[in-house]
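Position one of the sequence shown corresponds to residue 210 (the numbering used here), numbered consecutively onward.
Backbone N, C-alpha and C define an ideal beta-carbon position, used for all residues, glycine too.
Working notes, beginning with the structure itself.
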Amino acid sequence: MYLLLVFIPMMCSMITLLFGRNIGIQGATKLTTISISSVALISLYLGITQSQPVHINLLTWFTNDTLNVNWGLQFDSITYVMLVVVTAISALVHLYSTEYMGTDPHLPRFMSYLSLFTFFMLILVTADNIVQLFIGWEGVGTCSYLLINYWYTRIQANKSAIKAMVVNRVGDMALSLAMFCLIYMFNSIEFSTIFANIATVNNTIIILGLEINLISVTGILIFIGAVGKSAQLTLHTWLPDAMEGPTPVSALIHAATMVTAGVYLIIRCSPLYEHSNISLTLITIVGALTAFFAATVGLLQNDIKRVIAYSTCSQLGYMVFAAGLSSFSVSLFHLFNHAFFKALLFLSAGSVIHALADEQDFRKIGGLISKVPLTYSLVLIGSLSLAGFPYLTGFYSKDIILELAYGTYTIPSTFAYWLGTISAFCTAYYSMRLIYFTFLSAPLTSKEQFNNAGESGIAMTIPLIILGFASIFIGFVCKDYFVGLGSQAFNQSIFISPQNNAVYEAEFLPAWIKNIPVVFSLIGAALGVYLLSAQGSVLYNWKISPLGNAIYKFLNSKWYFDVIYNKFIVKPALNIGHDITYKIIDRGVLEYFGPNGLYSLVVKLSQMVSTTQIGQIYNYTFTMIIGLSVLLLPTIIN
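Dropping the structure here:
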């Protein structure tokens, strides 16, 4: 059963990709959807019934001296949670895509890519060593490129896919270096061996008289890898641009699964991080800054998918700084909850886009509440859950993260608490802004588009309803499993040092402190309703003021990250490529050896020598005698 769970997606992906023309669109969609749905049911069954870790050693991959690298699968509490998230969202997205992409002539290729992505994601979360995890890590990156660039005739899709690949190379290189550090320290790449010996290993080296803690270095390198994959501040720029792919791609890869791979890796490496306080501090600060940055930028986005993309970036920040506070199970809880309400938001946005002939700018939509009331209800549920509205799914994990930040009583945790609370205010505001412009304002689209708008078919509606129920109830149902006092669910897969465990302090905080984030969220939503219902006059007067205009430009330019990267990294790199690589090396050194340079001289000499090859033995004998005489001439003279 365990092997089927992992390899069914690969098999149906290969069949669909190689024989898509033979089985047709209907055959491809039915094969992939039924296969992934079966895998989702298996994952749910294992997640409910299995409580003990399971390890399967498949085969030896390669050996080098004393280093053995095996293909193995491990299933523990973290793995089961990730399996349910990956396969459940993937199954719903497969079903949704059969209608959303139904008119696309290349649908078998699309479904094959989705299944292949699911396979690599399963390899990533079930790997028992970091090399095998890295294969899944690179595999999901490749599938991300293929899916963002699915409509490869669009220039913007090409650019976005390349950007995602290039930006992630930074994090991937850091993760590669982290692997070498682990091999140097432990002579092993298996998680079980590394974590069992981490307290006793000699982890210091001296370079130029400085003593360096290799565990801290490794932890920081692993985190840099997570920064790239989970779109944290500095390497976040690829995620909003990735919205150029089809909406089901945004829901599966860039909301629920692939972008959480970095968070998963941090959680998986909890024993390592618990031995490096500097790494935990860095993770806390970067995660808090990411949550705040993305929430502020989301305030001024007008593309319905980009608003949700920046909210994804912000929520990933919450997960990361929760892990930085050693609250790994809480981070996993928010990852689990976020997958459902964020997939709901993306797929609901896809339903809106589908109804309006691919219009994504919500300033050109409006008034859809009368046309798509079910979609409106589901977007409202997803948005309220995202904003942490009481007793919806997002509330249970988001508020616990902020309570733990307050109850840790350190400078980084206090910093994270207030940035997270302000981010909750911004999240509620831009969620209400999206709902108002899309559904509640006066219709702004053409009369023909508005009249033709309507609810999607059953294949798109069923996933939305399932995700809607999950966005309401699953946080309440699963709270005690993840973070309940006395829960033993993650004792064998997550390690937390006793001095870093703040769960009891957070549990017994005063009620007024616990309610601060909720109050901020409600104020943000109420402010959004007031400002938007004022027909924009208040916002316009603020925007034309000197301070308001400066803030507007700063946020609308996304904190100038793209400007800074283009000016100080991209352009200098292009200049180096043109002025040095092209002019000096390509047109200089290489052309010196090229057809008109030294290469030409060698060719001419070779041609002259070849004229002596006329096939007559006495000519060869004469040449050999002449050559031998020349070689012996110095000896004869002496």
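The alpha helix (DSSP H) with Val728 in it runs from where to where? 725-742
Just confirm the distance between the C-beta atoms of Gly418 and Ala625, as a whole number of angstroms; I'd bet it's less than 8 Å. In fact, because the Cβ distance is near 35 Å, the residues do not count as touching under 8 Å.
Quick one: which unbroken beta strand (DSSP E) runs of 3-plus residues sit fully inside the stretch 270-350? Chain order, please. 276-284
Those residues which DSSP pairs with Ile265 across a bridge: Leu282
When you compare each of Ser540, Ile562, Leu587 to Asp608 by their alpha carbons, which one comes out closest? Ser540
Run through DSSP, which three-state label would Asp512 get? strand
Spatial distance of Tyr309 from Asp285 (CA atoms): 35 Å
When the Cα atoms are used, what is the spatial distance from Ser766 to Thr225? 42 Å
Reducing DSSP to helix, strand and coil, say where Asp689 ends up. helix
Could you round the C-beta distance between Phe329 and Gly345 to whole angstroms and report it? I think they count as a contact, below 8 Å. 5 Å
Using 8 Å for Cβ pairs, my map puts Ser538 next to Ile703. What's the rounded Cβ distance? 6 Å
Leu509 vs Tyr761 beta-carbon contact at 8 Å: yes
Measuring CA to CA, which of Glu716, Gln701, Cys687 is closest to Leu694? Glu716
Please work out which residues of its chain come closer than 7 Å, Cβ to Cβ, to Ser632, disregarding the five sequence neighbours upstream and downstream, and give them in chain order. Ala500, Phe501, Ala504, Ser523
Go through the stretch 583-654 residue by residue and report every complete run of the alpha helix (DSSP H) that reaches 4 residues or more, in order. 602-617, 620-644
Which residues DSSP lists as bridging Asn422, in chain order: Thr413
Restricting to runs no shorter than 4 residues, where is the alpha helix (DSSP H) found entirely within the stretch 474-512? 479-482, 486-507
Of the listed residues Ile517, Met320, Phe389, nearest to Gly559 (C-alpha basis): Ile517
Is DSSP giving Asp570 helix, strand or coil here? strand
Between the stretch 275-283 and the stretch 526-537, do at least 3 Cβ pairs fall closer than 8 Å? no
Rounded Cβ spacing between Val263 and Leu292 (contact assumed at less than 8 Å): Not a contact, Cβ separation roughly 12 Å.
Return the CA-CA distance between Ser299 and Ser306, expressed in angstroms with no decimal places. 10 Å
Does DSSP put Glu664 in a helix, in a strand, or in coil? coil
If you draw a straight line from the C-alpha of Pro599 to the C-alpha of Asn266, how long is it? 45 Å
Between the beta-carbon of Ser520 and the beta-carbon of Thr630, is there less than 8 Å? no
Determine whether the beta carbon atoms of Tyr322 and Leu301 lie at a separation below 8 Å. no
With distances taken from CA atoms, which of Ser479, Ile674, Ala782 is nearest Ser586? Ile674
Provide the residue span of the alpha helix (DSSP H) that contains Trp447, from first to last. 447-450
Between the stretch 637-647 and the stretch 727-742, do three or more beta carbon pairs fall short of 8 Å? yes
With the cut-off set at 8 Å, would you say Ala464 and Ala370 are in Cβ contact? no
Anyone know if the C-beta pair for Ser557 and Gly597 falls short of 8 Å? no
Is Leu514 near Gln441, with beta carbons less than 8 Å apart? A quick correction: the sequence has Lys, not Leu, at residue 514. Cβ distance not < 8 Å, so Lys514 and Gln441 don't count as in contact.
How long is the line joining the alpha carbons of Met467 and Thr288, rounded to whole angstroms? 15 Å
Between which two residues does the alpha helix (DSSP H) holding His563 run? 537-564
Could you please give the first and the last residue of the uninterrupted alpha helix (DSSP H) stretch that includes Ser246? 211-258
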